[in-house]
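First the structure, in the form of structure tokens, and then the observations on it.
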Ligand SMILES: *[C@@H]1O[C@H](CO)[C@@H](O)[C@H](O)[C@H]1NC(C)=O
Ligand SMILES: *[C@@H]1O[C@H](CO)[C@@H](O)[C@H](O)[C@H]1NC(C)=O
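Numbering (this note's numbering), first residue to last: 22 to 212.
Put into structure tokens, the structure is as follows:
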């Protein structure tokens, strides 16, 4: 391997060890929500559980999606930082292949490659299961997963069904962490 590749693999390994979502082999190709209706998916979703993502450090994580006239989705991710101030980041998502409407790409920085955003399952009204996976060198993959909810919590019996869906998609559900959605009142009306 060239020096650059060795360095990349080392960095990747360090990042992955912390993210705990480092896996050998290529990304799985899980099945996604059938007949995905993007309109019904719009609005605010709260993060209930996730596979560790280092770029999310706050509490009260939420995402608000709005469909624009050209069919792209504007994305606003917001969270509360430990000093009780709100942090938000705006991006865009779009369906890349209209025959796979539940598979989107999301990007937060102009020019940056978009990250995959696969809606594995949603009933639009209470829960959504989202998966993202990227291949590196055809050797390893790093995956992210989120259980989202229209409210800041989901009942345990539903969560356990959603864990089964994620496990079927190849996600190590033992690595899911519960997102802190308490003390979020200051977020209300601020987004
Ligand atoms: C879009 O998805 C369909 C169905 O999965 C596939 O056959 C087709 O090759 C895809 N088109 C592109 C441009 O990737
Ligand atoms: C969740 O966040 C609140 C407010 O920031 C904090 O008081 C509480 O201790 C946190 N809970 C956990 C389980 O970390």
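For glycine and all other residues, C-beta sits at the position ideal for the given N, C-alpha and C.
Given a length threshold of 3 residues, each whole run of the beta strand (DSSP E) inside the stretch 141-196 is given here in chain order: 148-157 and 161-170.
Residue side-chain check: residue 54 keeps its Cβ at 8 Å or more from all non-hydrogen atoms of ligand 1. Using a 10 angstroms sphere on the CB of residue 110, the tally of other CB atoms stays under 16, which defines it as exposed. Linking residue 172 to residue 123 through their CA atoms gives a straight-line distance of about 22 Å. Every residue whose Cβ sits closer than 6 Å to any heavy atom of ligand 2 is listed here in chain order: 80, 201, 203 and 204. In this structure, residue 121 has its CB closer than 8 Å to one or more heavy atoms of ligand 1. Linking residue 203 to residue 154 through their CA atoms gives a straight-line distance of about 29 Å. Under the 10 Å beta carbon count, residue 118 is surrounded by fewer than 16 other beta carbons and is classified as exposed.
Its chain contains 68, 69, 70, 71 and 82 as the residues whose beta carbon lies nearer than 7 Å to that of residue 200, once the 5 sequence neighbours on both sides are disregarded; these appear in chain order.
A distance criterion of 8 Å places the beta-carbon of residue 118 in contact range of ligand 1, judged by its closest non-hydrogen atom.
Note on the stretch 107-146: whole beta strand (DSSP E) runs with a minimum of 3 residues are 107-116, 124-128 and 136-143, in chain order. Close CB contacts of residue 47 within its chain, under the 7 Å cut and outside five residues either way in sequence, are with 156, 159 and 162 (chain order).
Beta bridge pairing from DSSP links residue 95 with 87 and 113.
Below 8 Å, enough C-beta pairs join the stretch 186-194 and the stretch 136-156 to call them touching: three or more.
Assigned with DSSP and collapsed to three states, residue 71 falls in strand.
Excluding the 5 residues flanking it on each side, residue 54 has same chain C-beta neighbours closer than 7 Å at 123, 140, 141, 142 and 143, in chain order. Where residue 54 is concerned, there is no enclosing alpha helix (DSSP H), because DSSP gives it neither an H nor an E.
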